[in-house]
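Novice:
Given below as structure tokens:
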């Protein structure tokens with residue numbers, strides 16, 4: 024199983040990119056994490072539906088074939104670190120790759136939302152995209168650490 028974060032928007036501030044790179048490097052090869060970024064549609068005079076449809080096409084092109092789709096959405100299920108670690112184990116048992124989808128400024132296209140098997144909320148707060156990406160990678164690392172028996176997580 025591979026975890027693939029498919030995120031709309033390519034450029035992160037330097038601080039966020041450094042943090043994402045750090046947590047991605049901490050994950051061992053067996054954790055198999057990959058980041059795939061797709062270009063956000065320019066926010067000109069197009070309707071939101073057109074913007075989301077264009078981004079959906081880019082996201083779909085970046086998805087691993089047969090992957091389980093997990094939305095990162097403010098209305099998704101809340102997970103603790105321990106619950107995320109358990110969820111990771113379940114994903115591993117299922118065997119298919121997992122694609123975590125992070126939308127752009129206007130979210131994700133309704134067709135992607137309908138196709139997703141799961142929805143995950145990172146926080147009750149509204150987070151800037153860069154911070155959400157850092158938070159997700161840190162929590163994935165923490166969940167992996169917990170599953171691997173490392174003392175990174177303390178209760």
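Numbering (the numbering used here), first residue to last: 24 to 178. We put the CB at the ideal spot given by N, CA and C, even for glycine.
Is the closest heavy atom of the ligand NAP to the C-beta of residue 162 under 6 Å?
Specialist: The ligand NAP is absent from the structure shown, which contains no ligand whatsoever.
Novice: In the structure shown, what three-state DSSP assignment does residue 79 receive?
Specialist: Helix.
Novice: Return the CA-CA distance between residue 82 and residue 30, expressed in angstroms with no decimal places.
Specialist: Each residue's alpha carbon lies about 8 Å from the other.
Novice: Enumerate, from N- to C-terminal direction, the unbroken alpha helix (DSSP H) stretches of 4 or more residues contained entirely within the region 120-170.
Specialist: Entirely contained in the region 120-170, the alpha helix (DSSP H) runs reaching 4 residues are, in chain order, 133-138 and 152-170.
Novice: Work out the CA separation of residue 125 and residue 50 for me, nearest whole Å.
Specialist: Distance between the alpha carbons of residue 50 and residue 125: 20 Å.
Novice: Just reading off the beta strand (DSSP E) that residue 91 is part of, what are its end residues?
Specialist: Element bounds for residue 91: 91-101.
Novice: Thinking C-beta only, is residue 93 closer than 7 Å to residue 143?
Specialist: Closer than 7 Å, so yes.
Novice: Could you tell me which of 28, 39 and 44 sits nearest to residue 57, measuring between CA atoms?
Specialist: Comparing Cα-Cα distances from residue 57 to each of 28, 39 and 44, the minimum goes to 28.
Novice: Considering only their Cβ atoms, is the gap separating residue 135 from residue 66 smaller than 7 Å?
Specialist: Cβ distance not < 7 Å, so residue 66 and residue 135 don't count as in contact.
Novice: Express the C-alpha separation of residue 113 and residue 133 in angstroms, rounding to a whole number.
Specialist: Rounded to whole angstroms, residue 133 to residue 113 spans 26 Å at the Cα level.
Novice: Touch check for the region 32-42 and the region 93-111: three-plus C-beta pairs under 8 Å?
Specialist: No, they do not touch.
Novice: Drop a sphere of 10 angstroms on the beta-carbon of residue 121, count the other beta-carbons inside from all chains shown, and report buried for 16 or more, exposed for fewer.
Specialist: The residue is buried, with at least 16 neighbouring Cβ atoms inside 10 Å.
Novice: Cα separation between residue 41 and residue 107?
Specialist: Cα-Cα distance, rounded: 23 Å.
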